Each structure stands twice: as structure tokens, then as C-alpha cells.
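Report on the following structure.
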Amino acid sequence: MPLDETIQTDGPRLDGAEWWRTAVIYQVYPRSFADSNGDGIGDLPGITSRLSALADLGVDAVWLSPFFTSPQKDAGYDVADYCDVDPLFGTLDDFDALRRRATELGLRVIVDLVPNHSSDAHDWFQRALAAAPGSPERARYLFRDGQGENGELPPNNWQSVFGGAAWSRVTEKDGTPGQWYLHLFDSSQPDFDWENPEVRDQFLDVLRFWLDRGVDGFRIDVAHGLIKKDGLPDYTPPKDAGSMGGGLAEDQTPPYWAQDGVHDIYRSWRALLETYPGDRILVAEAWVEPLSKLSNWVRPDEMHQAFNFSYLESGWSAPSIKGVIDSSLEVFDSVDAPSTWVLSNHDVVRHASRLALTADNAQGAGIGPKSSGLPDTAVGLARARAATAVMLALPGSAYIYQGEELGLPEAIDLPDEARQDPTWFRTAGERYGRDGCRVPLPWEAESPAFGFNTTGESWLPQPEGWAPYARDAQEGDTGSTLELYRLALALRHEFALGSGTVEWLPGYGPDVVAFRNGQITVIANTGSVPVELPVADELLATVELEGAALPADATVWLRVS
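Last residue of the sequence shown? That's 1277 in the working numbering, and every number before it is there in order.
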């Protein structure tokens, strides 16, 4: 493929320097977006066939969750070959066709890279199992001798993100119990040893492979986990800590998250990207707090963006929302990086449900029929619409997770036998995991599988009541969530809100978020008492307003003359 073909940037939203500072990026979870061959699992041709819907929505870029060769024990986040497409999703030619179609539509393409660990089916790990302790093959991963008289105990007490011990013991070639290997996630996902230069060189080659195919950037999975503290000391996290390190104070940093050594890795990646034309980017999935520490990931010579999980976890509370907006703008501006804003993704309860939960829910735990504090559907949707209207009015870059533009709630009542998240199995059903936010999308209310495909097959069962959420059922309905997103994105572009500033407006109560960004005044009511509105032109409202008052769980955009 000629390089000049891979870097074409024709399209209505691709012009202008540093597009990523203000972009709205749409996350596609490939197995649940659109299925072209009817096997019940989404694929690359299916995505390509539906890209025009994303251009119509008004986003700037598409981020694809992993589609690489994989045994699919963790839905593709267990990679066996980083430079090929899993047959489940198609071929490299299918990827190239997707990328070309995206460019025609003015959409950039970001792919998901998983550098913390590979699949146990990766050739390197299979060679490590066949090799002896202390060999170069094992040095690519974190193999260690066990503790105890005969090495029968794990090297330390670390626990997997998915539950259970973070170590598994291998059987050596002679049939005897051998060393242990680290896996911060499933036992099928051994962690690389990033102190090994071979590992670093491999991933530079992986980056080159996809950059040469014309991708516009990479979302880096578990970007805060590559380096582990010397000596791998024991560590017991607080009970209320999130599974990926969220919710921890700075002095509680686990020895396997947010170690300083990761920054040298990303400096080398940034240097590589800057040798390519077209403004390619790196985006960090790093559950790091406080925000002042997270900003280290986006210093000028490192990544371009980092997901703002503090914003995602702020809840539907005006003081919390205002506090995290202020902190975010301050700390990211201090390193000349844009703040990002995100409310949902493939690892958390959809915000149309999460914002109405009445009980604590740790990141990654999920919700199901037996969970406490289950949400009121109507309240959750109202708050989700209102929260999105705040998010899309903020300066910086915003992320949309597939289906949130339809108002999709978490699929709570999935049958136990249908669940596939490793978390569900590794905790013996104690935690439901992430299946509920990964159910295939409804496109057409009256079609098999709601238009996900033509056969009615679906790798996770779609709730029977999802017909009203289908895209075709919402198109043209001015009160629908789909049309709300379309309008908000069009206004965001028209009034250049992504490159604006936040000016807080005084005179509103503690339950109100009120600010001005350029010509737009945004007022959100997180309380229960209606809020009097100023005389102004209404550009957008998440509910139909009656009179000059904004009801609870609603947001309005005004243009004050």
C-alpha cells in the first residue's frame, strides 16, 4: 500500500491543526456494533457499512476496540498477533476498506493497542512455556519462582483485576510444578516485562505497522500498568478502590500501577509518531488520581490525551461536576494538553443507568438482577441526557461510547448462562462484570436482532424491550436522544465550543451547574427544585421546557442576546 494513500485527510472535519484538541471521538466496540455475516458477532465490514451513521451524527473520529488475532477470552483484549485481524472480524483488506471509507466521510480512525499483556496464545508466550527458567524467552514476561518450601506459593499477594490471584503456576516440560507468571487480568493474559528491550522494540514495530496503514492514532489500554515496582512487593488495596486503581489517594499508589518508568516508554512512542505526517495521536487509558498526577501522561513529549476518569466518576452532583471541571482545565492546561470528557465506555456501567444508581458500584463490578440500588430507568435517562449536554459544551475533547446516543441503559437482566466477562467467572458470580454495557446495538426496531444483522443471532442477548431505542425509531423525533446528540454536536461545531473557555456564572444555587462558553450559556439542574432561566434564545434543552424554569435532571443551552 503506497504511503501517500494512507495519509489522505480529505473531509469536512479533518482540516485545521491539532484536530485532537477539540475532537469528539466515538468508541466502536466491534463485536457489538454491526454484524455483516450473521454469525452474531460484529465485524469490520459491518462497521464500514454503518460509518455513514457516525458521520451523520457529527463526530470527528472513530476509536476501534481490539480486532486483532485473539482467542477472545477477554473479548479481544487478549492479543495473539498485534499485526493481523482476527478472522472473527475480517481481514487486513477489510480494515483498509474501513479506513478508506472513514476518510471519505471525514472521520479519523484510532485503534486500540494492548501493551500491558498478550494472550497466552501469543507465539512469545508459547515459546516461554517451552523454555527453561532464566531463558531469554521467559524474560519477555514476568516469570518468578514461588515462595514456600517448594515454591508452592505465589511470588506475592497481588490480586487480579478480574478477581483471584494475579499469578498462575506453570508445569515444566518434565511434568513438575514450575515457575509462576504474572497476569494482572485473566490467567490467559500474561503481563509483559517492559524492562526488557525486546518488548519495547516489538511494540515500536507494531506502532509502525499500523501507522503505515494510515491510522490516525492509538488508544493505549492499561497505559499506567506497564512498569511494576522493583522487587514486586506485596500490596493490599483498600476495599473501596476501583479495580484499575481509581479512587486511590496519591500516597496509595499500587506497585503495579502508575510507576514513573512508564513515561520513558511513551516518550519513545511520541518521538516515533512525530516522524509520520498527519498529526497522529496517543490516548492513555490510565486510572490515575489525582488529576495533577494524571497530567504527567500528557506532557508535551508524551501522550496527546488521557481519559478523564475523575470526570466519569463525579456523579450527578453540581459541586462534584464543577470541581472536576475546574481541576481538569487547570491541570491539563498546565502541560498544554486538552482535557478530555467521558461518561461511558466498554468497562463501566452505562451512564444512562449509572447516574441513577442508589448504591456504590466499583468500576468493573457491573450490575445485575441481584445488585443493590438498581436504577430507575426514566431518572437514569434524564440524567444521562442532561450530563451529556454539559459534557459536549465543554472545551477540549469528548468521547462517546457506542449506543449512548440512543440512550441505551445497562442490560441488567442478562441470563447467567449468557454472561462472558472473565470477571463473572473469576469471582464465581460475585461481580457481574461488563457484559451489560456490551450488548449489540439496536439499529432497526422491526428487524431481526434489531438490525444488528439479518439472522437474529447475537453473541449477548438483546433485551426484548429495546425496540424504542433503535436508531430508526429515533430518527426525526426531535425529542429523542439521538436527535439531542445530533443537535448538540452540530452546535458544538458551529460555536467552536471545543476551543472555548469556561466562565462560571454566579447567582445560581449549589445544585446548579451554570457557565458560559463563548456565545453559549449552559445551565444544568442536578437538584430537585426548578431553576429560573434568564430571557434568552433556547438552542437546546434535554427536556421540553414549560415556562421559564428548568426542572430537575435537565440541561439547557441558551444564547443570551
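Glycine is no exception: its CB is placed at the ideal position from the N, C-alpha and C atoms. Just so it is clear, the structure is predicted and the values come from calculations on it, not from any experiment.
Is residue i close to chain B, meaning its C-beta is less than 8 Å from at least one C-beta of that chain?
i, result
"P954", "Among the chains in the structure shown there is no chain B, since it carries only a single protein chain."
Among the options, which one has its Cα closest to the Cα of residue i?
i, options, result
"R737", "G754, I997, C1153", "I997"
"L770", "L1205, V1251, V1228, A848", "L1205"
"S765", "S781, R815, D797, D1151", "R815"
"L1124", "G1080, A750, L1198", "L1198"
"Y982", "G941, P970, S959", "G941"
"A777", "D790, P746, V827", "V827"
"S903", "L1213, W883, T991", "W883"
"L988", "A1022, S1026, L927", "L927"
"G1096", "L1071, Q975, D950, V1229", "L1071"
"N1012", "E990, H979, R929, S984", "H979"
"H833", "R824, E1262, D790, V801", "D790"
"K955", "V825, Q905, D917, Q875", "Q875"
"P1246", "T952, E1262, I1037", "E1262"
"D1092", "S1069, K1086, Q1079", "S1069"
"G894", "P913, P870, N912", "P870"
"S752", "V744, Q743, G762, Y745", "G762"
"S851", "W779, G1243, N912, P1250", "N912"
"L1007", "D995, G930, P993, A1022", "A1022"
"F1166", "Q788, A1186, V1155", "A1186"
"Y742", "R824, V795, D755", "R824"
"L700", "G994, H1020, D995, D1063", "Past the edges of the chain, shown from 717 to 1277, lies residue 700, and the structure says nothing about it."
"S1087", "G891, E1126, P993", "E1126"
"G994", "E734, E1260, V795", "E734"
"Y745", "E1254, N1061, I1083", "N1061"
"L804", "R747, Y1148, E853", "R747"
"P970", "F1211, G947, T1194, Q918", "G947"
"D917", "P831, L900, A818", "P831"
"C1153", "T1171, E1120, F1168, P1184", "E1120"
"A818", "F919, N873, V931", "V931"
What is the C-beta distance between residue i and residue j, in whole angstroms, given that I count them as a contact (C-beta under 8 Å)?
i, j, result
"V886", "Y897", "7 Å"
"L1122", "P1158", "7 Å"
"W1220", "A1103", "Not confirmed; about 18 Å, so no contact."
"V999", "F934", "7 Å"
"F783", "D802", "6 Å"
"L1255", "L1207", "6 Å"
"G758", "P1156", "7 Å"
"Q905", "D794", "5 Å"
"G958", "Q1079", "4 Å"
Beta carbon of residue i, beta carbon of residue j: below 8 Å?
i, j, result
"V775", "I1236", "no"
"L1266", "N1241", "yes"
"V1014", "G961", "no"
"Q1136", "F749", "no"
"D760", "G822", "Inspection of the sequence shows that residue 760 is occupied by Leu rather than by Asp. Not closer than 8 Å, so no."
"A1161", "D1188", "yes"
"W1057", "A1114", "yes"
"A1252", "V1229", "no"
"A1098", "D950", "no"
"A1109", "W1273", "yes"
"A1002", "A939", "yes"
"P1177", "A1134", "yes"
"S835", "S786", "yes"
"Y972", "K1009", "no"
"R1101", "T1258", "yes"
"T1217", "I1239", "no"
"Y1201", "L773", "yes"
"E1173", "G756", "yes"
"Y1148", "I1083", "yes"
"A1034", "P1226", "yes"
### Query
Between the region 873 to 890 and the region 1141 to 1153, are three or more C-beta pairs nearer than 8 Å?
yes
### Query
Just checking, does the region 841 to 854 make contact with the region 919 to 927 on the three C-beta pairs under 8 Å criterion?
no
### Message
Threshold first: 4 residues or longer. Then list the alpha helix (DSSP H) segments lying entirely within the region 1157 to 1234, N to C.
### Response
1187 to 1190, 1197 to 1210
### Query
Fully enclosed by the region 797 to 849, which beta strand (DSSP E) runs are 3 residues long or longer?
797 to 801, 824 to 829
### Task
Please determine if the region 804 to 812 and the region 846 to 866 are in contact, where contact requires at least 3 C-beta pairs separated by less than 8 Å.
no
### Those runs of the alpha helix (DSSP H) which lie wholly inside the region 1115 to 1147 and span at least 4 residues
1138 to 1142
### Query
How about the region 1037 to 1047 and the region 1068 to 1087: do they share at least three Cβ pairs that are nearer than 8 Å?
no
### Task
Determine, using beta-carbon pairs with one atom in the region 1049 to 1061 and one in the region 1012 to 1029, whether at least three such pairs fall under 8 Å.
yes
### Task
Output the residue ranges of the alpha helix (DSSP H) runs that lie fully inside the region 886 to 951 and measure 4 residues or longer, sorted by chain position.
913 to 928
### Query
In chain order, which alpha helix (DSSP H) runs of at least 4 residues are fully inside the region 1051 to 1119?
1067 to 1070, 1093 to 1107
### Task
Scan the region 744 to 788 and note each continuous alpha helix (DSSP H) run of 4 residues or more that stays entirely inside, going in chain order.
760 to 773
### Task
Could you tell me which uninterrupted beta strand (DSSP E) segments, each at least 3 residues in length, are contained entirely in the region 968 to 1039, listed from first to last along the chain?
997 to 1000
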